[in-house]
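Comments concern the structure below.
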Amino acid sequence: MKFNIISIFPQYFSSPLSCGLVSRNIAKGLVSVNVISPRDFSQDKHHNTDDRVYGGGPGMVMMVDPLLRTLRSIPGQPRTLMLSPKGRPLTQDFARELAREPELTLVCGRYEGIDARIEQLHPLEPVSLGDFVLNGGESAAMCLLEAVARLLPGFMQHDESVDEESFTSGLLEYPHYTRPEEYAGLKVPEILRSGDHGKIAAWRRRRSLEATLAFRPEMLSTAPLSRDDVAFLRNQPRVLRGRNLYVALVHYPALNKEGKEVTTSLTNLDVHDIARVSATYGLGGYIVCTPLQDQRVLAGRIINHWSRGGGAGFNPDRKEALNKVTVRDDLDGAIDHVRELTGEIPFVAATSAREGSMPLADLQPVLDKRPVLLVLGTGSGLADSVIDKADGLTRPVRFLSKYNHLSVRSAASIMIDRLLGDVY
1 MKFNIISIFP QYFSSPLSCG LVSRNIAKGL VSVNVISPRD FSQDKHHNTD
51 DRVYGGGPGM VMMVDPLLRT LRSIPGQPRT LMLSPKGRPL TQDFARELAR
101 EPELTLVCGR YEGIDARIEQ LHPLEPVSLG DFVLNGGESA AMCLLEAVAR
151 LLPGFMQHDE SVDEESFTSG LLEYPHYTRP EEYAGLKVPE ILRSGDHGKI
201 AAWRRRRSLE ATLAFRPEML STAPLSRDDV AFLRNQPRVL RGRNLYVALV
251 HYPALNKEGK EVTTSLTNLD VHDIARVSAT YGLGGYIVCT PLQDQRVLAG
301 RIINHWSRGG GAGFNPDRKE ALNKVTVRDD LDGAIDHVRE LTGEIPFVAA
351 TSAREGSMPL ADLQPVLDKR PVLLVLGTGS GLADSVIDKA DGLTRPVRFL
401 SKYNHLSVRS AASIMIDRLL GDVY
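Numbers 1 to 424, taken from full-length UniProt numbering, label the letters of the sequence shown in order.
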């Protein structure tokens, strides 16, 4: 496989290309690397490849002409990738796709970037290694080259090792051990010395599942899992962020369609459905807030019927969900309830279908440290007097949509899932 690397610093690649498996496979002829400098194609007598930014601002931008001439000098015009933070993330699946190409060209930017017109004049595919900034694309290009090249048949000393590495199965890799058998009082797990390959394979699978759950739980949502895998994961201790999350459904002060403050009616569906979501995601609790005595009595009857009355025996699952529900007069009462349970004043996050600037993701690190009370409105939303008590106002669920009129039950389900996902 051939790699063309376009960089104004070709010397950058001298060391990484001259050692390890990359060097060995270049010598074998399995991989070839052609590093080309745009300076060699500059029409300027000083071989300049960058200039000042139009519109003002710090830094320089790589010029379009030397780079375009460089790209057009490559015979056959192979698939061309530009290392850029805006690009498609480089994943193991993407690396496999690229490994099927006979030739790739990698474009390394520098300074403040490359003149945007290059993307209109030459077919470039932006590729990103992550949400961070480097001085240039050279180190990213080297990472991409290695990730792709090592998938070529014959590149690794043992091709089967490629199939057992992290991400190949959608999971992190299991731990490895070698001699000595014991070191500093720590022994190699006995099962790895048993010679029973079936038990060893099962042990390794479970350790991969444990590592993925502990360090990269988001990978589990797309990893191929068997019934045994799921059963194993369900019995593992987890960081349960949900225990720190509480939901309050506020019926007063709420807004009507004319923007006036009103008290909305409690509904059976709101009590049941948000309680079931709270139980499914392991929340600390669900608080219904209404100042009306008759509404509190109604809520109490619903809760008692399903948690302690006839409904409890008829539907144990509903009993578990309704046990999550508490009734209080107002938001202050909900905050006091969470403080009584946890010993801490919660971070109060109000929600709105009309406005808000806090991404839900900002609440995730807060959940690791303290309780969070997610405040949901009824009617046409929360009154300003409630929002003023909040520590933050979250973005609407569909903040770019012109139509944003989800039921509070639907909005609660979506927001809780975005905060906690399937593994918390």
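Using N, Cα and C, we set each Cβ at its ideal position, and we do this for glycine too.
Using the C-alpha atoms, what's the distance from Glu355 back to Leu400?
As a position in the sequence shown, residue 400 is number 400, starting the count at 1. As a position in the sequence shown, residue 355 is number 355, starting the count at 1. So the alpha carbons of these two residues sit roughly 11 Å apart.
Between the stretch 366-381 and the stretch 241-258, are three or more C-beta pairs nearer than 8 Å?
yes
Is it the case that the Cβ atoms of Ile118 and Leu68 are separated by a distance below 8 Å?
What you label residue 118 is simply residue 118 of the sequence shown in a count that begins at 1. What you label residue 68 is simply residue 68 of the sequence shown in a count that begins at 1. Yes; because the gap between Cβ atoms is below 8 Å, this pair is in contact.
Taking the continuous beta strand (DSSP E) assigned at Ala254, which residues delimit it?
Numbered from its first residue, the sequence shown carries residue 254 at position 254. Segment Leu245 to Leu255, the beta strand (DSSP E) holding Ala254.
CB-CB under 7 Å to Tyr281, same chain, minus the five flanking residues each way: which ones, in chain order?
On the sequence shown, position 281 is the one that residue 281 refers to. Result list for Tyr281: Gly242, Ile416 and Leu420, in chain order.
Do the stretch 356-366 and the stretch 338-345 meet, that is, are 3 or more Cβ pairs less than 8 Å apart?
Between the stretch 356-366 and the stretch 338-345, the count of C-beta pairs closer than 8 Å stays below three; the two stretches do not touch.
Residue range of the beta strand (DSSP E) that Ala350 falls in?
Numbered from 1 along the sequence shown, position 350 holds the residue referred to as residue 350. Run containing Ala350: Phe347 to Ala350, per the beta strand (DSSP E) assignment.
Can you look up Ser278 in the DSSP assignment and give me helix, strand or coil?
Start at 1 with the first residue of the sequence shown, and residue 278 comes out as number 278. Residue state, collapsed to three classes: helix.
Can Ser7 and Ser37 be called in contact, C-beta distance under 8 Å?
Residue 7 sits at position 7 when you count from the first residue of the sequence shown. Residue 37 sits at position 37 when you count from the first residue of the sequence shown. Going by C-beta atoms, Ser7 is nearer than 8 Å to Ser37.
Would you mind working out which of Val423, Val271, Asp330 and Ser32 sits nearest Lys2, comparing C-alpha positions?
Taking the sequence shown and counting its residues from 1, one reaches residue 2 at position 2. Considering only Val423, Val271, Asp330 and Ser32, the residue with the shortest C-alpha distance to Lys2 is Ser32.
Strictly by DSSP, which residues pair up with Met62?
Position 62 of the sequence shown, counting from 1, holds the residue named residue 62. BP columns for Met62 point to Asp50 and Ile114.
If distances are taken between C-alpha atoms only, which option among Arg207, Lys324 and Gly56 comes closest to Leu192?
Here the question's residue 192 lines up with position 192 in the sequence shown. If we check each option's Cα against that of Leu192, Arg207 comes out closest.
Measuring straight from C-alpha to C-alpha, what distance separates Gly136 and Met82?
Residue 136 sits at position 136 when you count from the first residue of the sequence shown. Residue 82 sits at position 82 when you count from the first residue of the sequence shown. So the two alpha carbons sit approximately 11 Å from each other.
May I ask you to list the residues that DSSP assigns as paired with Lys2?
To locate residue 2, count along the sequence shown from 1; it is residue 2. The partner list for Lys2 (beta bridge, DSSP) reads Ser32 and Glu103.
Could you tell me the distance, in whole angstroms, from the CA atom of Glu218 to the CA atom of Ala211?
If you number the sequence shown from 1, residue 218 lands on position 218. If you number the sequence shown from 1, residue 211 lands on position 211. Distance between the alpha carbons of Glu218 and Ala211: 12 Å.
Between Ala99, Pro75, Ala279 and Asn4, which lies nearest to Pro153 when the distance is taken from Cα to Cα?
Counted from its first residue, the sequence shown places residue 153 at position 153. The option with the nearest alpha carbon to Pro153 is Ala99.
Can you tell me which of Gln157, Leu249, Met142 and Leu331 puts its alpha carbon nearest to the alpha carbon of residue 429?
Outside the shown range of the chain, which is 1 to 424, sits residue 429, and nothing can be said about it.
Enumerate in chain order the residues of its own chain whose CB-to-CB distance from Arg276 is below 6 Å, with the five nearest sequence positions on each side excluded.
The residue labelled residue 276 in the question sits at position 276 within the sequence shown. Taken in chain order, the residues that qualify are Ala321.
Does DSSP classify Ser128 as helix, strand or coil?
Locating residue 128 in the sequence shown gives position 128, counting from the first residue. DSSP places Ser128 in strand when its eight states are reduced to three.
Curious, which full-length alpha helix (DSSP H) runs of at least 4 residues does the stretch 74-99 contain?
Listed in chain order, they are 92-99.
Would you verify that the beta carbon of Val423 is, or is not, closer than 8 Å to some beta carbon of chain C?
No chain C appears in the structure shown, which is made up of a single protein chain.
Roughly how many whole angstroms lie between the Cα atoms of Ala254 and Val366?
Along the sequence shown, read from residue 1 onward, the residue named residue 254 stands at position 254. Along the sequence shown, read from residue 1 onward, the residue named residue 366 stands at position 366. Taking the straight line from one Cα to the other gives about 27 Å.
Would Val325 and Ile345 be called neighbours here (beta carbons separated by less than 8 Å)?
For the purposes of this step, residue 325 is identified with residue 325 of the sequence shown, where counting begins at 1. For the purposes of this step, residue 345 is identified with residue 345 of the sequence shown, where counting begins at 1. It is not a contact, given that the beta carbons lie outside the stated cut-off.
With Thr326 as the anchor, note down where its beta strand (DSSP E) starts and where it stops.
Start at 1 with the first residue of the sequence shown, and residue 326 comes out as number 326. Val325 to Arg328 is the extent of the beta strand (DSSP E) around Thr326.
Report buried or exposed for Val297, applying the criterion of at least 16 other Cβ atoms within 10 angstroms of its Cβ.
The residue you call residue 297 lines up with position 297 of the sequence shown. Exposed.
Using three-state DSSP, classify Glu258 as helix, strand or coil.
On the sequence shown, residue 258 is found 258 positions in, with the first residue counted as 1. In this structure, Glu258 counts as coil in the three-state DSSP scheme.
Decide if the stretch 36-55 is in contact with the stretch 89-98; the criterion is three or more beta carbon pairs, one per stretch, under 8 Å apart.
no
For a quick check, are the C-beta atoms of His305 and Gly313 less than 8 Å apart?
Within the sequence shown, the letter at position 305 stands for residue 305. Within the sequence shown, the letter at position 313 stands for residue 313. No, the pair does not count as a contact, with Cβ atoms beyond the cut-off.
By the DSSP assignment, the beta strand (DSSP E) with Gly313 in it spans what residues?
As a first step, residue 313 is located in the sequence shown; it is residue number 313 there, counting from the start. No beta strand (DSSP E) contains Gly313, which is instead part of the alpha helix (DSSP H) from Gly310 to Phe314.
By DSSP, does Val375 sit in helix, in strand, or in coil?
As a first step, residue 375 must be located in the sequence shown, where it is residue number 375. Val375: strand per DSSP, three-state reduction.
Within its chain, find whatever has a CB closer than 6 Å to the CB of Ile5; leave out the 5 residues flanking it on each side and keep chain order.
Indexing the sequence shown from 1 puts residue 5 at position 5. Val35, Leu106 and Ala141.
On a Cα-Cα basis, can you pick out the residue from Arg79, Gln92, Phe155 and Tyr111 that is closest to Pro126?
On the sequence shown, residue 126 is found 126 positions in, with the first residue counted as 1. Comparing Cα positions, the closest option is Arg79.
In angstroms, rounded to a whole number, what distance separates the CA positions of Leu382 and Gly259?
The sequence position of residue 382 within the sequence shown is 382, counting from 1. The sequence position of residue 259 within the sequence shown is 259, counting from 1. If you take the alpha carbons of Leu382 and Gly259, they lie about 10 Å apart.
Just the C-alpha distance for Gly59 and Asp131, rounded to the nearest angstrom, thanks.
Residue mapping note: residue 59 aligns to position 59 of the sequence shown, counting from 1. Residue mapping note: residue 131 aligns to position 131 of the sequence shown, counting from 1. Answer to the nearest angstrom: the Cα atoms are 21 Å apart.
Name the residue from Thr178, Leu376 and Asn323 whose alpha carbon lies nearest to the alpha carbon of Tyr252.
The count along the sequence shown starts at 1 and reaches residue 252 at position 252. Among Thr178, Leu376 and Asn323, the Cα nearest to that of Tyr252 is on Leu376.
When the Cα atoms are used, what is the spatial distance from Gly379 to Leu269?
By one-based count along the sequence shown, residue 379 stands at place 379. By one-based count along the sequence shown, residue 269 stands at place 269. Going by the C-alpha atoms only, they are around 14 Å apart.
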